[in-house]
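Residue numbers for the sequence shown, in the working numbering: 745 to 959.
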Amino acid sequence: MKLTHYPAYLFCTILGVLSGQASAAVIDFNSLATTTTSPIVTVGQPYVEDGFSLITRSGVSFTYGGGTIHATTDKNANWTGTPGVYSDYVYQYGSAFVLERVGGGTFDLVSMDAASFYTGGAGNYFSVYGYRAAGGYVNQNFTLDGTTNTLETLTFNDSFKGLNKIIFSSVYAQVDNINLSVAAVPEPETYAMLLAGLGLIAGIASRKRNNYASA
């Protein structure tokens, strides 16, 4: 490669590294699989997986503690083949799941799987709210198909990007395979490499100016 091509090449490389690559996280609850004779097992809160924390909240503004989280087992009539989670209903307050990144930060919600415990009626309604770091929220509502032991994939539009929290139904359906995307953050060593690259670009540019001046 010619020396004159280095600045453009290095600049493009730096831009590529800074833009980062999105990393995927799938909350699949497989760690909750256990050998038991019970149809459900109790899950401690917060449940943490792949850098995300899941809890329950209740009340109009979701400021109260929510119901106990349960995971289905292979002894459950609604077993889908892998553990799914849901929560108890808190009398007069309801209950919902709240998912956030451990330590804070934004993410995109891509999809999640759900299976209703009911074959029809209001129990098939499933709502998801996404809250943005900059303020405001987005919402998508679904009607589950009522096949109680078969997961249905719910996909989300581009408005569910750049979120710092999602709140979603937890009582009338079990949830599994929450598919998320997180922007990669360069390591400190990467920043050092980028600074060295910028210094090289500046040095090449300075050499070219000196060559033009002496010509």
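Even for Gly, the Cβ is constructed at its ideal location relative to N, Cα and C.
These numbers come from a predicted model, not from an experiment.
*asked:* So, at 6 Å on beta carbons, what are the nonlocal neighbours of Asp-852 in its own chain, with the 5 sequence-adjacent residues on each side left out?
replied: Here residue 852 is taken as the residue at index 108 of the sequence shown, counted from 1. Cβ neighbours of Asp-852 beyond the five flanking positions: Lys-905 and Ser-925.
_For Leu-747 and Ala-768, I'd like the C-alpha separation in whole angstroms._
Position 3 of the sequence shown, counting from 1, holds the residue named residue 747. Position 24 of the sequence shown, counting from 1, holds the residue named residue 768. Any reading at Leu-747 needs caution, since the residue's pLDDT is 48, under 50, leaving its predicted position unreliable; the model's value is listed next. In a straight line, the C-alpha of Leu-747 is about 38 Å away from that of Ala-768.
*DSSP three-state call for Asp-857: helix, strand or coil?*
Position 113 of the sequence shown, counted from the start, is the residue given in the question as residue 857. It is a strand residue.
*For Ser-782, the three-state DSSP class (helix, strand or coil)*: Working through the sequence shown from its first residue, we reach residue 782 at position 38. Correct three-state label for Ser-782: coil.
_Secondary structure of Asn-774, DSSP reduced to three states_ = Counting from one through the sequence shown, the residue named residue 774 turns up at place 30. DSSP places Asn-774 in helix when its eight states are reduced to three.
*Taking buried to mean at least 16 other C-beta atoms within 10 Å of its own C-beta, is Asn-923 buried or exposed?*
The count along the sequence shown starts at 1 and reaches residue 923 at position 179. Looking at its Cβ environment, which holds 16 or more other Cβ atoms inside 10 Å, Asn-923 is buried.
*asked:* The beta strand (DSSP E) that contains Ala-927, what's its start and end?
replied: The count along the sequence shown starts at 1 and reaches residue 927 at position 183. Residues 917-927.
*Do three or more CB pairs link the region 826-838 to the region 913-922 at distances below 8 Å?*
yes
*Taking the alpha-carbon positions, what's the Ala-812 to Thr-800 distance?*
As a first step, residue 812 is located in the sequence shown; it is residue number 68 there, counting from the start. As a first step, residue 800 is located in the sequence shown; it is residue number 56 there, counting from the start. Checking the sequence, you will find Thr at residue 812 rather than Ala. Cα to Cα, the separation comes out at about 8 Å.
*Please state whether DSSP places Thr-807 in a helix, a strand or coil.*
As a position in the sequence shown, residue 807 is number 63, starting the count at 1. When DSSP states are grouped into helix, strand and coil, Thr-807 belongs to the coil group.
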